[in-house]
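Working notes, beginning with the structure itself.
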Amino acid sequence: MDWGKALWDQHDVMEKHTQSGLELMERYVKFVKERTEIEQNYAKQLRSLSRKYSRRGSKEDQEIKFTNQQAFQEVVNQLNECACQREQLAENLSINICVELTKHLHELKQERKTYLADVKKVQQNLEITFKHLEACKKRFEKEWKEAEKANQQVERTEQDPSSTKTDVDKARTIAHQRIHVADECKNEYAAQLQKYNKEQNSFYHSEIPAIFNKLQDMDERRIRKLAEGYRLLSDTERNLLPALEKSLNTISTASKNTNEKQDSMTLIEQHKSGLAPPVDVDFEDYSQGIKPTNMENSVHSAPKVRIKQLFKKSKQSATLDKNMPAPVEDYSHLPLEHRQKRLREKIDDITKDLQKETDQSEALNKMKGVYEKNSQMGDPASLEPQINQTAHNINKLKGELSRYKTWLSETGDNSMLKNNQTSAAYISVDPKGQKLPEPPDNIYECDFDGDFDDDDVPIGQCQALYNFDGGREGEVSMQVGEQLSVLDEDHGDGWVHVRKATGDDGYVPASYIKII
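Numbering (this note's numbering), first residue to last: 374 to 889.
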């Protein structure tokens with residue numbers, strides 16, 4: 374049933390009911406807004422918790438090798454993913470519900486305001502018509518009374534013996550005029566009454582019911598829109614469940630992948646030294662004299678010392694004298710397997726850097742060729758500093774690569790040498806970007822392996838072909854044309870131990886000098 378037929382006389386009820394409905398929609402919008410704020414704060418707290426427990430620090434610390442650590446990191450990562458989903462939920466609620474319902478609420482308020490204004494307008498029109506009717510009625514009543522008085526005056530005049538015919542005619546004329554005016558008021562009153570009845574009938578049977586029906590349609594649309602908002606709240610969060618379930622499944626998978634035996638083996642592989650346990654200690658019978666310790670039973674044997682190793686030790690001692698930790702480039706302070714691992718990692722890093730420098734050198738040389746063919750493209754001389762620096766970097770990296778591969782081969786691991794047999798040879802590039810010939814093998818006939826005498830005797834003389842800054846520990850700088858004394862030959866790593874005229878000694882690239 375329509376509101377217009379059933380509630381035509383309940384204007385106040387309609388106004389209060391529609392206002393209450395709009396207030397309910399407004400409360401729901403506020404409710405969803407506060408819900409989005411809760412979700413946003415929750416997501417923020419989840420992100421903060423995820424950042425707090427995420428692994429940070431050095432590169433080795435970030436490389437999680439144990440399955441239980443990997444599983445926990447997966448839990449932390451999925452917590453961050455959950456925070457993303459919560460933020461998406463808050464955004465969807467804000468856009469799909471708050472924004473849409475707020476817009477619809479504004480439209481409903483304007484529509485309701487228009488309908489209530491129409492009701493007030495038709496009420497005012499009916500009231501004005503009723504006032505006109507009352508005015509016509511009062512005027513008719515007044516004029517009719519005046520006409521009756523005029524008729525009574527005519528009768529009194531006719532009965533009065535002293536009245537003349539003129540007096541009687543005058544009274545009759547006045548009475549006739551009053552009656553005519555009263556008849557006009559009567560007709561006007563009748564017409565106004567008919568008009569009022571017609572407008573009243575239209576007001577109660579047509580205009581008000583039509584407006585109330587529009588209010589009913591508006592309120593029903595509000596209810597449907599509000600119900601849709603309720604459903605969107607449920608659907609929006611339900612759409613979040615697959616992503617949350619995926620995250621939970623990922624955590625479950627990480628839990629299943631946790632392997633305690635594998636973690637134990639990983640710890641063993643990382644830290645086992647490969648050394649045998651010490652042998653039993655011999656009984657020393659002091660009653661028969663002290664027996665000499667059997668050196669063959671000792672676990673550690675004296676390593677073969679090379680000049681470069683002693684040179685590094687002397688440098689380390691000088692550094693330690695300054696209360697600073699000395700870096701051990703060959704990782705000789707580590708157990709065998711751990712040392713091999715660190716050397717392989719260092720070789721990989723140097724290889725990557727060398728590849729970058731080589732690619733840059735090729736690109737610069739190509740660009741230089743383009744500039745030489747077409748001078749409008751650029752000045753070839755402007756690329757010389759970059760080409761020289763790149764060549765210098767390549768020579769240094771190749772020297773380092775040879776050194777680390779030599780140290781690795783000394784540990785008995787030749788895996789790096791099998792992949793590239795020529796890498797041990799020091800292939801140099803001069804500052805002009807040209808490849809220099811490899812230094813001949815066996816330049817020196819003497820072998821310096823064995824014990825080292827503090828008084829180093831030069832085995833030859835050499836001359837510097839290029840400038841060398843000697844910025845690293847153990848290196849020595851030299852200038853073009855400088856005369857140097859050779860203390861140790863190149864053992865395949867691309868470096869020669871030399872002594873300057875000032876008495877400073879150190880290592881220089883073999884390709885940067887000329888034996889004289």
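We put the beta carbon where it would ideally sit given N, CA and C, even for glycine.
C-alpha gap between residue i and residue j, whole angstroms
i    : j    : result
K568 : F503 : 9 Å
K403 : I584 : 30 Å
G806 : Q759 : Caution is warranted here: a pLDDT of 43 is assigned to G806, below 50, making its placement in the model unreliable, and the coordinate value is therefore given only provisionally. Between G806 and Q759, the C-alpha separation is close to 10 Å.
S690 : Q856 : With a pLDDT of only 40 at S690, under the threshold of 50, the placement of this residue in the model should not be trusted, and no figure is reported.
T763 : L770 : 10 Å
R715 : E783 : 14 Å
G751 : Q728 : 26 Å
Q589 : D382 : 15 Å
E519 : A555 : 8 Å
K559 : Q550 : 14 Å
D636 : D653 : 32 Å
K725 : L838 : 28 Å
L621 : P615 : 10 Å
Q435 : G785 : With a pLDDT of 48 at Q435, under the threshold of 50, the modelled position of that residue is not reliable, and the figure given next carries that caveat. So the two alpha carbons sit approximately 30 Å from each other.
K538 : W517 : 25 Å
F576 : M387 : 16 Å
R611 : R604 : 10 Å
Q682 : S705 : Only weak support exists for where Q682 lies, its pLDDT of 44 falling under 50; the value from the coordinates is given anyway. Straight-line Cα distance between these residues: approximately 10 Å.
G602 : T409 : 14 Å
L485 : E618 : Residue identity check: residue 485 is Arg in the sequence provided, not Leu. Rounded to the nearest angstrom, the two C-alpha atoms are 45 Å apart.
S734 : M638 : 44 Å
T546 : A564 : 27 Å
R597 : K406 : 20 Å
L506 : S536 : 41 Å
S579 : I552 : 39 Å
Same chain only: Cβ atoms within 6 Å of residue i, ignoring 5 sequence neighbours per side
i    : result
D592 : T391, G394
A627 : A444, E447
D877 : V849
K741 : P753, L756
E818 : The pLDDT assigned to E818 is 39, lower than 50, so where the model puts this residue is not dependable, and the model offers no usable value.
T779 : D866
R459 : E412, Y415, A416
E633 : none
D533 : none
Rounded distance between the beta-carbons of residue j and residue i, thought under 8 Å
i    : j    : result
R420 : A456 : 5 Å
L422 : L452 : 6 Å
T631 : A416 : 28 Å between Cβ atoms; not a contact.
N768 : S625 : No, N768 and S625 are not in contact; Cβ-Cβ is about 54 Å, not under 8 Å.
K873 : V849 : 6 Å
E561 : C509 : 5 Å
G843 : G879 : 6 Å
L606 : L397 : Not really, about 15 Å apart at Cβ, beyond 8 Å.
F841 : V871 : Incorrect: roughly 10 Å between the Cβ atoms, too far for contact.
D385 : N586 : Between N586 and D385 the Cβ distance is about 17 Å, and since that is not below 8 Å, they are no contact.
N- and C-terminal bounds of the beta strand (DSSP E) containing residue i
i    : result
D861 : 856 to 861
I468 : Per DSSP, I468 belongs to no beta strand (DSSP E) and is neither H nor E.
N602 : One detail in the question is off: residue 602 reads as Gly in this sequence, not Asn. Where G602 is concerned, there is no enclosing beta strand (DSSP E), although the alpha helix (DSSP H) it sits in stretches over 581 to 611.
R845 : From DSSP, R845 is part of no beta strand (DSSP E); its letter is neither H nor E.
G377 : It is not in any beta strand (DSSP E) - G377 instead sits in the alpha helix (DSSP H) that spans 376 to 379.
D878 : 878 to 882
I886 : 886 to 888
H578 : No beta strand (DSSP E) contains H578, which DSSP labels as neither H nor E.
Q836 : 833 to 837
H870 : 868 to 872
Endpoints, alpha helix (DSSP H) assigned at residue i
i    : result
V554 : 538 to 575
A627 : 614 to 630
D385 : 384 to 426
G772 : 757 to 783
D636 : 633 to 644
Close Cβ partners of residue i (< 7 Å) along its chain, the five nearest in sequence each way excluded
i    : result
L481 : L395, M591, R595
K645 : E710
K719 : Y777
R424 : none
Beta-carbon contacts of residue i that lie in its chain and below 8 Å, excluding the five residues immediately before and after
i    : result
K378 : P582
I723 : L770, E773, L774, Y777
N441 : T631, E633, D636
E730 : T763, N766, I767, L770
Min CB distance residue i to chain D below 8 Å
i    : result
V541 : Considering every chain present, this structure includes no chain D. It has just one protein chain.
For the structure I just gave you, are there three or more beta carbon pairs, one from the region 532 to 545 and one from the region 492 to 501, closer than 8 Å? no
Is the region 831 to 838 close to the region 852 to 862, with three or more CB pairs under 8 Å? yes
Stretch-stretch touch, CB-based, cutoff 8 Å, three pairs: the region 526 to 533 with the region 466 to 477: no
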